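For the record, the sequence lines run as chains L and W.
Per the working numbering, numbering through the first sequence is continuous, rising by one, with the last residue being 430.
Per the working numbering, numbering through the second sequence is continuous, rising by one, with the last residue being 179.
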Amino acid sequence: MAVSHLEDQRIVEFDVRTDEMLVNMGPQHPSTHGVLRLVLRTDGEIVSEVTPHIGYLHRCAEKIGENLTPRQWIPYTDRMDYLAAMNMNLGWALTVEKLMKLELPDKARHLRVIITELNRIASHLVGMGAYGLDLGTFSPFLYAFRERERILDLFEEVCGARLTYSYLTVGGATHDLPTGWLRKCDEFLTQLLPVIDECHALLTTNAIFVRRTANIGVLSPEMAIAYGCTGPVIRGSGVDHDLRRDGEERYTEMYDGYAFEVIVQKGGHYPKDHDYPAVPSEAVLGDCWHRFYVRMLEVIQSVDLVRQAMDRYSTATGAFGVPVKLTEKLPKGEAYLETEAPRGQMGFYIVSDGTSIPWRVRARSSSFCNLSVTHELCRGCLIADVPAIVGSLDVVMGEIDR
Amino acid sequence: MSGQAFLDRLKQQFGDEITGANLEAIDPWIEVSPSGLVEVCLYLRDQADLKFEMLNCISAVDYFEPDPKKAAKATFAPHLEVVYHLWSFKGKVSLVLKVMLPRWQDDVPGQIPEVPSVSQIWPTADWHEREVYDLSGVRFVGHPGLRRILCPEDWVGHPLRKDYDMPLEYHGIRGR
Chain L
29 MAVSHLEDQR IVEFDVRTDE MLVNMGPQHP STHGVLRLVL RTDGEIVSEV
79 TPHIGYLHRC AEKIGENLTP RQWIPYTDRM DYLAAMNMNL GWALTVEKLM
129 KLELPDKARH LRVIITELNR IASHLVGMGA YGLDLGTFSP FLYAFRERER
179 ILDLFEEVCG ARLTYSYLTV GGATHDLPTG WLRKCDEFLT QLLPVIDECH
229 ALLTTNAIFV RRTANIGVLS PEMAIAYGCT GPVIRGSGVD HDLRRDGEER
279 YTEMYDGYAF EVIVQKGGHY PKDHDYPAVP SEAVLGDCWH RFYVRMLEVI
329 QSVDLVRQAM DRYSTATGAF GVPVKLTEKL PKGEAYLETE APRGQMGFYI
379 VSDGTSIPWR VRARSSSFCN LSVTHELCRG CLIADVPAIV GSLDVVMGEI
429 DR
Chain W
4 MSGQAFLDRL KQQFGDEITG ANLEAIDPWI EVSPSGLVEV CLYLRDQADL
54 KFEMLNCISA VDYFEPDPKK AAKATFAPHL EVVYHLWSFK GKVSLVLKVM
104 LPRWQDDVPG QIPEVPSVSQ IWPTADWHER EVYDLSGVRF VGHPGLRRIL
154 CPEDWVGHPL RKDYDMPLEY HGIRGR
């Protein structure tokens with residue numbers, strides 16, 4: 029009788045012997061968030077090295093910016109972080125306003141807070157749903173997208189677009205909020221909160237989810253700072269830094285008089301910790317679970333901020349913006365400004381030689397820096413952890429592109 | 004610390020390596036010579052009262068006017084600037100460092116200028132420097148792996164240079 033395959037020790041040994049292997053993840057793998065390609069060097073299930081390749085979407089945004097006026101470039105900022113286009117509009121508009129030394133009326137300021145915080149909720153909902161999808165659960169993704177669609181309905185009523193708005197622009201916004209819109213927005217916020225609780229039940233406290241994310245991809249605060257990580261990534265590592273509070277005056281004055289606390293772990297607990305699921309014992313500060321949790325708490329915080337902004341907006345005086353011509357001449361000089369976008373700090377740099385077209389346009393994006401830390405986080409993890417780690421950074425490839 | 008006092012302190016510390024400043028600009032900046040860049044950056048990061056621990060952005064600006072008619076009226080001499088935007092968590096202030104470079108090393112067209120890499124000081128500079136190298140053509144000496152990051156590895160030229168010409172074809176793909 030012939031020796032069966034399994035009984036022959038040499039064959040078995042040959043079959044299970046592992047060797048170093050290069051595995052390409054993406055650009056098409058659904059869990060790699062767009063056109064990201066990761067080259068993994070693996071030994072069996074263990075990943076020894078990860079190299080991200082990011083140039084697949086090179087759209088020459090900066091070069092185009094050097095041939096258009098700042099207001100004409102607003103639609104290109106939409107397409108950077110397409111999940112939070114309003115925040116991108118705001119970042120660029122504020123930078124140009126800084127260069128032009130433009131002061132805005134109060135009403136425009138509160139309008140911008142309403143719009144950008146709503147977009148932050150929409151963006152975090154996608155981040156949350158897609159993260160669940162990365163880890164193999166589908167329902168939270170549907171629930172998150174259903175809520176996001178409601179925000180997009182609100183935005184559609186404001187500016188007619190659902191993804192690329194070009195609504196906030198240099199000098200304020202393109203037009204005022206429609207009548208009755210604030211009531212609809214308030215209704216949306218009221219029904220959103222139970223859904224967030226549901227998502228907490230489905231993900232944050234889910235035993236499988238905790239096992240997949242707790243103590244995985246731990247990012248120390250020192251490393252987060254050294255790699256220039258920002259947003260929920262750095263706050264998930266316990267660094268108390270949020271540009272809405274600490275940033276440049278031109279940006280923080282938007283939030284003057286608003287009551288909010290930076291979502292970061294202080295003294296072992298988060299603000300509002302008593303209302304929301306406790307941190308599981310397996311979780312370590314700076315791991316994937318904490319990054320996710322910071323995003324979830326920021327949704328609640330943004331709901332609160334939108335409510336405050338709506339109150340102020342409805343009583344504010346002045347116009348929704350100051351008129352700026354499409355081809356307004358820029359003063360000579362340069363300006364750099366960073367804003368707190370949902371994924372972290374979005375910086376724009378503009379150099380002008382005195383004409384209406386900028387000499388140099390530069391975008392510094394949060395996902396770019398957040399992704400550059402991947403190779404440190406993925407060293408020695410399992411292949412199944414790679415989507416968990418990359419997903420927890422919540423990168424958008426359009427933002428990494430220039 | 005006011006801008007002037009800060010500048011005086013850096014000048015006292017590094018002497019001629021601090022080659023200029025503009026404190027009246029919207030974002031006041033300090034100019035550093037390429038040879039002193041690494042020392043100045045280490046000092047800014049490690050001094051207990053400064054602690055510029057975060058490197059926000061590295062950008063390169065190409066000051067060159069390819070159109071001869073406009074070039075006659077240009078207010079600048081052709082050169083290349085590398086701009087570093089730093090941030091201090093401690094003081095909650097930002098700082099702008101600038102390094103001025105010739106457009107071409109030794110005035111030989113095609114030979115890109117060199118500046119020391121700060122990726123040993125801030126690891127985030129790794130990708131930022133690769134991007135500046137790729138798009139603006141500055142060689143960072145001491146960088147661990149200076150490769151193109153957005154363009155393909157065999158791409159010719161640096162697209163954000165003002166005199167860059169789009170190639171007519173690339174691997175059989177028609178450009179322009």
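The beta carbon of each residue, even a glycine, is placed where N, CA and C say it ideally should be.
Here the structure is a predicted model, which is why all the values come from computation and not from measurement.
Cβ-Cβ separation, residue j to residue i (assumed contact under 8 angstroms), whole Å
| i | j | result |
| --- | --- | --- |
| Glu326 (chain L) | Val238 (chain L) | Their Cβ separation, rounded to whole angstroms, is 20 angstroms, which puts Glu326 (chain L) and Val238 (chain L) out of contact at 8 angstroms. |
| Glu366 (chain L) | Leu271 (chain L) | 6 angstroms |
| Phe348 (chain L) | Ala201 (chain L) | 5 angstroms |
| Glu42 (chain W) | Phe17 (chain W) | 7 angstroms |
| Asn115 (chain L) | Asp109 (chain L) | 7 angstroms |
| Ala337 (chain L) | His81 (chain L) | Rounded, the Cβ-Cβ distance is 40 angstroms, inconsistent with contact. |
| Ala363 (chain L) | Thr97 (chain L) | In fact, because the Cβ distance is near 15 angstroms, the residues do not count as touching under 8 angstroms. |
| Val99 (chain W) | Asp30 (chain W) | 5 angstroms |
| Gly83 (chain L) | Leu163 (chain W) | Actually they are not in contact, since the Cβ atoms of Gly83 (chain L) and Leu163 (chain W) sit about 15 angstroms apart, beyond 8 angstroms. |
| Leu64 (chain L) | Met324 (chain L) | About 24 angstroms; that fails the 8 angstroms criterion. |
| Ala112 (chain L) | Pro370 (chain L) | 5 angstroms |
| Leu220 (chain L) | Glu175 (chain L) | 6 angstroms |
Classification of residue i by the beta-carbon crowding that lies within 10 angstroms, buried from 16 upward
| i | result |
| --- | --- |
| Val70 (chain W) | The sequence shown places Asp at residue 70 (chain W), rather than the Val named in the question. By the neighbour-count rule (16 or more Cβ atoms within 10 Å), Asp70 (chain W) is not buried but exposed. |
| Arg407 (chain L) | exposed |
| Leu83 (chain W) | buried |
| Met29 (chain L) | Here Met29 (chain L) scores only 47 on pLDDT, less than 50, and its place in the model is too uncertain to base an answer on. |
| Arg150 (chain W) | exposed |
| Ile21 (chain W) | buried |
| Lys300 (chain L) | exposed |
| Met49 (chain L) | exposed |
| Ala24 (chain W) | buried |
| Ile264 (chain L) | According to the sequence provided, residue 264 (chain L) is Gly. The question's Ile does not apply to it. Counting Cβ neighbours within 10 Å, Gly264 (chain L) comes out buried, since at least 16 surround it. |
| Asp110 (chain W) | exposed |
| Val159 (chain W) | exposed |
| Val31 (chain L) | Note that Val31 (chain L) scores a pLDDT of 49, beneath 50, so its modelled location is shaky; the value from the coordinates is reported in the next line. Val31 (chain L) should be labelled exposed. |
| Met169 (chain W) | exposed |
| Val144 (chain W) | exposed |
| Thr343 (chain L) | exposed |
| Asn95 (chain L) | exposed |
| Arg190 (chain L) | exposed |
Beta-carbon proximity check, residue i vs residue j, cutoff 8 angstroms
| i | j | result |
| --- | --- | --- |
| Thr233 (chain L) | Asp315 (chain L) | no |
| Asp422 (chain L) | Ile244 (chain L) | no |
| Leu210 (chain L) | Leu118 (chain L) | no |
| Leu410 (chain L) | Val75 (chain L) | yes |
| Pro351 (chain L) | Leu127 (chain L) | no |
| Asn52 (chain L) | Cys257 (chain L) | no |
| Val223 (chain L) | Tyr171 (chain L) | yes |
| Arg140 (chain L) | Met374 (chain L) | no |
| Gly259 (chain L) | Ser380 (chain L) | no |
| Asp166 (chain W) | Phe67 (chain W) | yes |
| Asp214 (chain L) | Gly419 (chain L) | no |
| Val135 (chain W) | Pro37 (chain W) | no |
| Trp125 (chain W) | Leu58 (chain W) | yes |
| Val389 (chain L) | Glu90 (chain L) | yes |
| Val180 (chain W) | Val64 (chain W) | Absent from the model: residue 180 (chain W). The displayed extent of chain W is 4 to 179, so no value can be given. |
| Phe216 (chain L) | Leu180 (chain L) | no |
| Arg155 (chain L) | Pro168 (chain L) | In the sequence under discussion, the amino acid at residue 155 (chain L) is Gly, which differs from the Arg named in the question. Not a contact, by the Cβ cut-off of 8 angstroms. |
| Arg430 (chain L) | Ala391 (chain L) | yes |
| Val118 (chain W) | Ala128 (chain W) | no |
| Glu368 (chain L) | Gly275 (chain L) | yes |
| Ser194 (chain L) | Pro103 (chain L) | yes |
Residues bridged to residue i [DSSP beta-bridge criterion]
| i | result |
| --- | --- |
| Tyr364 (chain L) | L:Tyr377 |
| Phe143 (chain W) | W:Val118 |
| Tyr110 (chain L) | According to DSSP, which records beta bridges pairwise, Tyr110 (chain L) is partnered with nothing at all. |
| Leu349 (chain L) | It should be noted that the sequence gives Gly, not Leu, for residue 349 (chain L). Partner(s): L:Gly200. |
| Arg390 (chain L) | L:Tyr377 |
| Lys135 (chain L) | None; Lys135 (chain L) has no bridge partner. |
| Glu172 (chain W) | W:Arg177 |
| Met53 (chain L) | L:Leu66 |
| Gly372 (chain L) | L:Ala369 |
Please name the residues in the stretch 28 to 57 of chain W whose beta-carbon is closer than 9 angstroms to at least one beta-carbon of chain L, in chain order. Within the stretch 28 to 57 of chain W, the residues whose Cβ lies closer than 9 angstroms to some Cβ of chain L are Ala28, Ile29, Asp30, Trp32, Glu56, Met57, listed in chain order.
Using Cβ-Cβ distances below 7 angstroms, what residues of the stretch 247 to 274 of chain L are close to chain W? Listed by position, the residues of the stretch 247 to 274 of chain L near chain W (Cβ gap below 7 angstroms) are Ile253, Ala254, Tyr255, Gly256, His269, Asp274.
Compile a chain-ordered list of the residues in the stretch 388 to 415 of chain L whose CB is closer than 7 angstroms to at least one CB of chain W. Close to chain W, meaning a Cβ-Cβ distance shorter than 7 angstroms, are the following residues of the stretch 388 to 415 of chain L: Arg388, Arg390, Arg392, Phe396, Cys397, Ser400.
Residues, ordered as in the chain, of the stretch 107 to 138 of chain L that lie near chain W by beta-carbon distance below 7 angstroms: Taking 7 angstroms as the Cβ-Cβ cut-off against chain W, the residues of the stretch 107 to 138 of chain L that qualify are Lys126, Leu127.
What are the residues in the stretch 366 to 386 of chain L lying within 9 angstroms of chain W by C-beta distance? Of all residues in the stretch 366 to 386 of chain L, Glu366, Gln373, Gly375, Tyr377, Val379, Asp381, Gly382 have a Cβ within less than 9 angstroms of some Cβ in chain W.
When Cβ atoms are compared, which residues of the stretch 91 to 121 of chain W fall closer than 9 angstroms to chain L? With the criterion set as a beta carbon lying under 9 angstroms from some beta carbon of chain L, the members of the stretch 91 to 121 of chain W are Phe92, Lys95, Ser97, Val99, in sequence order.
At a CB distance below 8 angstroms, what residues from the stretch 142 to 172 of chain W approach chain L? Give them in sequence order. The stretch 142 to 172 of chain W vs chain L, Cβ under 8 angstroms: Arg151, Ile152, Leu153, Cys154, Pro155, Pro162, Leu163.
Near-chain W residues of the stretch 77 to 91 of chain L (beta-carbon distance less than 8 angstroms), N- to C-terminal order: Residues Ile82, Gly83, His86, Cys88, Glu90, Lys91.
Taking Cβ-Cβ distances below 7 angstroms as the criterion, which residues of the stretch 66 to 90 of chain W are in contact with chain L? Of all residues in the stretch 66 to 90 of chain W, the ones placed with a Cβ closer than 7 angstroms to any Cβ belonging to chain L are His88, in chain order.
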